[in-house]
Amino acid sequence: TPPEYRREGHVSRMVEASLDRWHGEFPLAALWPFSRSYYEQFGWATANTVCEYRIPLDQLSFARGSADGRLRRAAPEDWAALDDAYEARTAGETLGLRRDERWWRERVLNGDTYVYAWERDGATRGYVVYTFESGGEGMDDRRIAVSDMATVDDDALCGLLGFLADHDSQASEVKLYAPDDTLLDRVPTPGDVECLVHTGPMVRAVDVTDALKAVPYPDGASADLTLAVTDDTVAWNDGAFELAVGPSGATCERVGSRSSAADPDVAVDIGTLSQLVVGYRDAADLRRVGDLSADGDALDNLATLFPPERVALRDFF
């Protein structure tokens, strides 16, 4: 926005219009923010964190020759095999995107990146997508920048890490992203590896009733809760809601304004509720660090209904 048109409420109106358009069609909305605090004011909250690694290539030498399989450079027509590995890697993760052929061909296999697949027994068990970054003219100023990597098993991970280590005549380090810090347990000298934890994408419930009805609650879970939800951006979420979960599924309906719920089981803002829905943190954690108030049986019921999940929205958009 040009500076002469800033601070006139244009973004607020755009956000409200977007949520109104998505209302009734999508239960959740996700984004990659330029500023976390900026989007927090509109009800978005962190969906997952991301670990950024800077690894000297000699720290990956442990993986050389340790894996069963072979490496092959991937072509655009290999997109389905790569997608199989991606789907297997992200199974059980929350917020993973479903990629179609167009996504693979235009976003990954577009000729702007190097793409290699790790194969074993005729099946693709993993892949890595990368380019080179240069901070100067020497090899010591050059790094491998991994934009996407997925592995089905440990053999494939070691195979690809060993492959990256073999770039030591072309670069001095590799930059890659992962959902956790477990790579530090593999390298011989963890102190030589830089690992930064970033807040990643953000998520928001577009409609409280739709979001709570869409949650795949654990088998056998059963609870009835009254929630007082605060949403300063859209009126349809700012109110009192009755959630009932049982053997036949979940129902949720708005039952009035927040003030009409004299003694709600749970009081929560829309951002914290969104984190609870996707499983970013459990209820006890969100009571400590978020905007959630619940005690006794209500807190226990929240813990049962919304266990923490492996949330990993990896794809930037």
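Numbered according to this note's numbering, the sequence shown terminates at residue 414, and the numbering increases by one at each position without gaps.
Note that beta-carbon positions come from the ideal geometry of N, C-alpha and C, so glycine has one too.
Fair warning: this is a prediction, and the values are worked out from it, not measured in the lab.
Residue i vs residue j beta-carbon contact at 7 Å
| i | j | result |
| --- | --- | --- |
| Glu270 | Arg240 | yes |
| Gly166 | Gly259 | no |
| Gly317 | Ala337 | no |
| Ala247 | Arg170 | no |
| Ala262 | Arg161 | yes |
| Arg407 | Glu190 | yes |
Reference residue i; option with closest CA among the options
| i | options | result |
| --- | --- | --- |
| Ala114 | Gly368, Val303, Ala308 | Val303 |
| Thr327 | Ala144, Ile367, Ala347, Val312 | Ile367 |
| Arg204 | Asp245, Ala185, Val312, Asp282 | Asp245 |
| Phe343 | Pro313, Leu281, Val290 | Correcting the residue identity first, residue 343 is Gly in this sequence and not Phe. The option with the nearest alpha carbon to Gly343 is Pro313. |
| Ser371 | Phe131, Ser357, Ser231, Leu192 | Leu192 |
| Phe123 | Val305, Ala247, Leu179 | Val305 |
| Gln421 | Arg385, Met299, Asp237, Leu322 | Nothing can be reported for residue 421, as the shown portion of the chain is limited to 98 through 414. |
| Arg151 | Trp215, Ala275, Arg217 | Ala275 |
| His295 | Ser356, Ala262, Leu273, Val365 | Leu273 |
| Arg411 | Leu402, Gly346, Cys148 | Cys148 |
| Leu157 | Val243, Leu280, Tyr224 | Leu280 |
| Phe413 | Phe131, Pro99, Asp282 | Phe131 |
| Trp215 | Thr146, Leu179, Val243 | Leu179 |
| Ala253 | Trp200, Val225, Tyr377, Asp397 | Val225 |
| Asp307 | Ala126, His107, Pro100 | Ala126 |
| Tyr227 | Asp218, Ala242, Asp238 | Ala242 |
Environment of residue i [buried if 16+ CB atoms lie within 10 Å]
| i | result |
| --- | --- |
| His264 | buried |
| Pro153 | buried |
| Met111 | exposed |
| Tyr135 | exposed |
| Ala172 | exposed |
| Leu373 | buried |
| Glu339 | buried |
Strand pairing of residue i, partner residues [DSSP]
| i | result |
| --- | --- |
| Gly189 | None; Gly189 has no bridge partner. |
| Val374 | None, per the DSSP bridge assignment. |
| Arg351 | Phe338 |
| His295 | Val147 |
| Trp215 | Leu168, Gly223 |
| Val303 | Val303 pairs with nothing; no bridge assigned. |
| Val408 | Thr191 |
| Ser163 | Paired residue(s): none; Ser163 is not in a bridge. |
| Lys310 | Beta-bridge pairing links Lys310 to no other residue. |
| Tyr274 | Glu149 |
| Ile241 | Phe229, Val271 |
| Val331 | BP columns for Val331 are empty, so no partner. |
| Val326 | Gly336, Val365 |
Assigned secondary structure, residue i (DSSP; H/G/I helix, E/B strand, else coil)
| i | result |
| --- | --- |
| Ala177 | helix |
| Ala320 | strand |
| Arg151 | strand |
| Thr210 | coil |
| Thr286 | coil |
| Ser356 | helix |
| Val249 | coil |
| Asp382 | helix |
| Ser109 | helix |
| Phe260 | helix |
| Ser345 | coil |
Min CB distance residue i to chain C below 7 Å
| i | result |
| --- | --- |
| Arg222 | Absence of chain C from the displayed structure is noted, only one protein chain being present. |
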